[in-house]
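Residue numbers (the working numbering), protein chains in the order written: chain A, -11 to 386; chain B, -11 to 386. Here's the structure, in structure tokens; my notes come after.
Following this line, the structure appears as structure tokens:
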């Protein structure tokens, strides 16, 4: 069974993680993704400590399955014309350049709409175009700083550290996919294409504030922003006798059961922990008492005790341990791509299970320009034009 | 202009953040969302230091705009029957109970499909049902532990701290929205409904590994998982003369410009920083040299110098400072909801700008059971039945 986006064609003009990962998700759901790259390639082709061959390091491989690659040197007019020809054949166009750059290239929404009125044009930017930061560049770290995440860490750690994952790139990638899917649904109902603007800053502020708006939810404010429980210095995985465990007896029923099974009847009688609101008000103490309890047994012993209850309890994994995690192994989460040039590659499954339109891996990660000529032909370019583009280096065939 | 999901009806049986925030996004995009709550309400109605009236604290308000609320006590048969009647009238059903609980209630996919073959049934779970963890409960913290996030923090901080935001709830919420939108698109093309399973653990492992799979991308592994740059102890916002700045001279062009404008020609000559790959290989040194440079000027002075370049450079904000951020103020990002009982409420805009189908705020956050009777009538229940449900406490009208 094909994925939900079977037959949808996507033209991707992106690099690094945000755009590539977004388009990979579209590809995972069955879309046909064409990745346009400059002759030097997606900058992530130069990154990553590990690779089997040139231009194919890990960081590129994890964000670019289910795609074909065409090289186009957009400094040349004929390359821009080729993008416009290809735009006629696709449903969705995704780019992550600044709006000014796209205007200058002649590849803004107006230009693409002219050749394909039904196109869905999705631009991911640092900031909404209309505002004073509209022409600013952005990367994950800078948006972590701008959106409050670094200062949330400052509240806990005493320094404005970035989170150890590119949360802004990946969250904005998911927002871009959301926008494209909603626009595809709208177009299916009405025939109407449109332009989407997906700004990292706004996406992350709305994301951060889903729980952290807090006292600022009210106008005038009843207090400051920042959800106290999450800023507790005591909020962490707990050491057991032999490792770490994550356990959150959160709801009232969880807490009662925890106190009973962990043999801490003293906590049950304590008014600081009498109900969810009380525990949240005394969150440091709550976490400290759980932490004090856990070193008494091994992780396996605690999992045995709490494993069949509804209290969220789980072994704490390093990223490496996930490769052999029994649940992920049993469900076939880790997929193998037999790559024609890179060998056997590991790839996580697309996480959503669709009963009727399963996502999947149809294509290996392309080498730089692996499909240049076939894609140009699909765009309707004749052989002479393609030969000229190859000769002048406007395109390169791997 | 209505949103892209105008006319789509969603029945929500969720609580806390994941499900409510997911359904709020569907509502932001124009869907009509019916939130089913137990007589005691979404547990987040009891949380949050701040509220104007009972059951309406901040954490509930930030995740429940654009909805109506109906109280149904699912312990009573007539409440389950009412859900099935309502299910006939909707396009999408979203729940966040464990699969076993939904089987027991008689509200699994088979039951809902029987009354509405076209329904899109989206269950968000801790873990995929098919695997050995399939019946485990989960909360954000436990999935941060399970999915590697806590141990990524351990690599940086020396303790397995959770990130100071409920990243697993919110990322899985976005995945659920993605699944629902893709399924709506598929249904629009084919008429076929389906069941979606959106597991937090799998969603987060695939999310974490988008950049952190690293050496484990290859099988056999070329090295361990974990993208070194993000695990650098030096990766943080930098103190300036008067505050903090986030600056990432990432690409080669950025770095050259940074060294010139920051008056650090010495760095340009240093082979450790010669190109992106070299800088990533010497990431601690790279970050340290930037950190050494920034205290020389104020944040405003640096923004003046770098503000017009393409180097991502931005003031570091606390969550509170975002309320007055000039860009967010200029773009009207902060929306005001004049709530009939809670006063003036602040709410972030939906971050995606759709040119033809703008998202927006159509409805205030409902009080518990604010719309019980009108929703039961929409479900086709007659007045006598509704009166009986009110009398026996199966439903409550606010």
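A virtual CB, placed ideally from N, CA and C, is assigned to each residue, including glycine.
Beta carbon of residue 134 of chain A, beta carbon of residue 305 of chain B: below 7 Å? Within the first chain, residue 134 of chain A is the residue found at index 146, counting from 1. Within the second chain, residue 305 of chain B is the residue found at index 317, counting from 1. Contact flag set, yes.
Assess, as a yes-or-no matter, whether the region -5 to 12 of chain B is touched by the region 73 to 90 of chain B under the definition of 3 or more beta carbon pairs within less than 8 Å. yes
Quick one: which residues of the region 175 to 187 of chain A get their C-beta closer than 7 Å to a C-beta of chain B? List them in chain order. Correct list: 176, 177, 180, 182, 183, 184, 185, 186, 187.
Please list, in chain order, the residues of the region 297 to 315 of chain B that have any C-beta partner in chain A closer than 9 Å. 297, 298, 299, 300, 301, 302, 303, 304, 305, 306, 307, 308, 309, 310, 311, 313, 314, 315
For residue 324 of chain B, which three-state DSSP category applies? Sequence index remark: in the second chain, residue 324 of chain B carries index 336 (1-based). It is a strand residue.
Output needed in chain order: residues of the region 76 to 95 of chain B with a Cβ under 7 Å from some Cβ in chain A. Those residues of the region 76 to 95 of chain B that come within reach of chain A (Cβ to Cβ, closer than 7 Å) do not exist; the list is empty.
What would DSSP say about residue 113 of chain B, mapped onto helix, strand or coil? Mapped onto the second chain, residue 113 of chain B falls at position 125. Residue 113 of chain B falls in the strand class under three-state DSSP.
With a cut-off of 8 Å, do at least 3 Cβ pairs link the region 66 to 80 of chain B to the region 18 to 38 of chain B? Judged by Cβ distances under 8 Å, the region 66 to 80 of chain B makes contact with the region 18 to 38 of chain B, as three or more pairs qualify.
CB contact check: residue 44 of chain A to chain B, cutoff 7 Å: The count along the first chain starts at 1 and reaches residue 44 of chain A at position 56. No, residue 44 of chain A lies away from the interface with chain B (no Cβ there is under 7 Å from its Cβ).
Contact set for residue 321 of chain B: own chain, Cβ-Cβ below 7 Å, skip 5 residues either direction: By 1-based counting over the second chain, the position of residue 321 of chain B is 333. So the list reads 336, 337, once near-sequence residues are dropped.
Less than 7 Å separating the beta-carbons of residue 219 of chain A and residue 152 of chain B? Within the first chain, residue 219 of chain A is the residue found at index 231, counting from 1. Within the second chain, residue 152 of chain B is the residue found at index 164, counting from 1. Yes, Cβ-Cβ distance for residue 219 of chain A and residue 152 of chain B is below 7 Å.
Answer yes or no: does any C-beta atom of chain B fall closer than 7 Å to that of residue 57 of chain A? Reading the first chain from its first residue, position 69 is the one you call residue 57 of chain A. Taking Cβ atoms only, chain B never reaches closer than 7 Å to residue 57 of chain A, which makes this a no.
Close-in-space but distant-in-sequence residues of the same chain around residue -9 of chain B (CB under 6 Å, 5 per side omitted): Here residue -9 of chain B refers to the residue found at position 3 when the second chain is read from its first residue. Within the same chain, residue -9 of chain B has close Cβ partners 17, 18, 345, 347.
By DSSP's criteria, residue 335 of chain A is part of a beta bridge. Which residues make up the other side? As a position in the first chain, residue 335 of chain A is number 347, starting the count at 1. A:323.
Beta-bridge partners of residue 302 of chain A, as assigned by DSSP: Start at 1 with the first residue of the first chain, and residue 302 of chain A comes out as number 314. Residue 302 of chain A pairs with A:234.
Proximity to residue 314 of chain B [Cα-Cα], best of A:34, A:189, A:60, A:166: Here residue 314 of chain B refers to the residue found at position 326 of the second chain. Of the candidates A:34, A:189, A:60, A:166, the one whose C-alpha sits nearest the C-alpha of residue 314 of chain B is A:189.
Could you tell me which residues DSSP puts in a beta bridge with residue 186 of chain A? Locating residue 186 of chain A in the first chain gives position 198, where the first residue counts as 1. Residue 186 of chain A pairs with A:112.
For the beta strand (DSSP E) that contains residue 130 of chain A, what are its first and last residues? Reading the first chain from its first residue, position 142 is the one you call residue 130 of chain A. Taken as a continuous stretch (DSSP letters only), residue 130 of chain A belongs to no beta strand (DSSP E), being part of the alpha helix (DSSP H) at 128 to 134.
Use the C-beta contact count for residue 138 of chain A: other C-beta atoms within 10 angstroms, 16 or more gives buried, fewer gives exposed. As a first step, residue 138 of chain A is located in the first chain; it is residue number 150 there, counting from the start. So residue 138 of chain A ends up on the buried side.
Using 10 angstroms around the beta-carbon of residue 179 of chain A, count the other beta-carbons present and answer buried if the total reaches 16, otherwise exposed. Working through the first chain from its first residue, we reach residue 179 of chain A at position 191. Residue 179 of chain A is exposed by the Cβ-count criterion.
Looking at the unbroken alpha helix (DSSP H) that takes in residue 176 of chain A, where does it start and where does it end? By one-based count along the first chain, residue 176 of chain A stands at place 188. Counting along the chain, the alpha helix (DSSP H) containing residue 176 of chain A begins and ends at 155 to 178.
Counting only Cβ pairs nearer than 8 Å, list the residues of chain A close to residue 120 of chain B. Within the second chain, residue 120 of chain B is the residue found at index 132, counting from 1. Per Cβ cutoff of 8 Å: 314, 315, 318.
Buried or exposed: which applies to residue 225 of chain A, given that a residue is buried once 16 or more other Cβ atoms fall within 10 Å of its Cβ? On the first chain, residue 225 of chain A is found 237 positions in, with the first residue counted as 1. Buried is the call here.
Could you pull out every unbroken alpha helix (DSSP H) segment of at least 4 residues lying fully inside the region 337 to 381 of chain B, listed in chain order? 360 to 366, 371 to 379
Is any beta-carbon of chain A found at less than 7 Å from that of residue 98 of chain B? One-based indexing of the second chain puts residue 98 of chain B at position 110. Chain A, which has no Cβ nearer than 7 Å to the Cβ of residue 98 of chain B, makes this no.
Distance cutoff 7 Å, beta carbons only. Does residue 332 of chain B sit that close to anything in chain A? Taking the first residue of the second chain as position 1, residue 332 of chain B is located at position 344. Output row for residue 332 of chain B: interface = yes.
Using DSSP's beta-bridge definition, name the partner residues of residue 81 of chain B. Sequence index remark: in the second chain, residue 81 of chain B carries index 93 (1-based). According to DSSP, residue 81 of chain B bridges with B:-1, B:109.
Do the region 94 to 108 of chain B and the region 278 to 287 of chain A touch if we need at least three Cβ pairs shorter than 8 Å? no
What residues of chain A sit near residue 166 of chain B, judged by a beta carbon separation below 9 Å? Looking up residue 166 of chain B in the second chain gives position 178. Within 9 Å Cβ-Cβ: 13, 17, 162, 165, 166, 169, 340.
N- and C-terminal bounds of the alpha helix (DSSP H) containing residue 293 of chain A: Position 305 of the first chain, counting from 1, holds the residue named residue 293 of chain A. Per DSSP, residue 293 of chain A belongs to the alpha helix (DSSP H) from 287 to 294.
Among A:144, A:70, A:251, A:158, the one whose alpha carbon lies nearest that of residue 51 of chain A: Position 63 of the first chain, counting from 1, holds the residue named residue 51 of chain A. The shortest Cα separation from residue 51 of chain A among A:144, A:70, A:251, A:158 belongs to A:158.
Compare the Cα-Cα distances from residue 297 of chain A to each of A:254, A:242, A:259, A:267 and report the closest residue. By one-based count along the first chain, residue 297 of chain A stands at place 309. Considering only alpha carbons, the answer is A:242.
Below 8 Å, can you find three or more Cβ-Cβ pairs linking the region 348 to 366 of chain B to the region 323 to 336 of chain B? yes
According to DSSP, is residue 20 of chain B part of a helix, a strand, or is it coil? As a first step, residue 20 of chain B must be located in the second chain, where it is residue number 32. Correct three-state label for residue 20 of chain B: strand.
Take residue 65 of chain A as the anchor and find which of A:175, A:285, A:381 has the nearest alpha-carbon. Translated into positions along the first chain, residue 65 of chain A becomes position 77. Minimum Cα distance to residue 65 of chain A is reached at A:381.
Helix, strand or coil: which one does DSSP assign to residue 28 of chain A? Counting from one through the first chain, the residue named residue 28 of chain A turns up at place 40. Residue 28 of chain A falls in the coil class under three-state DSSP.
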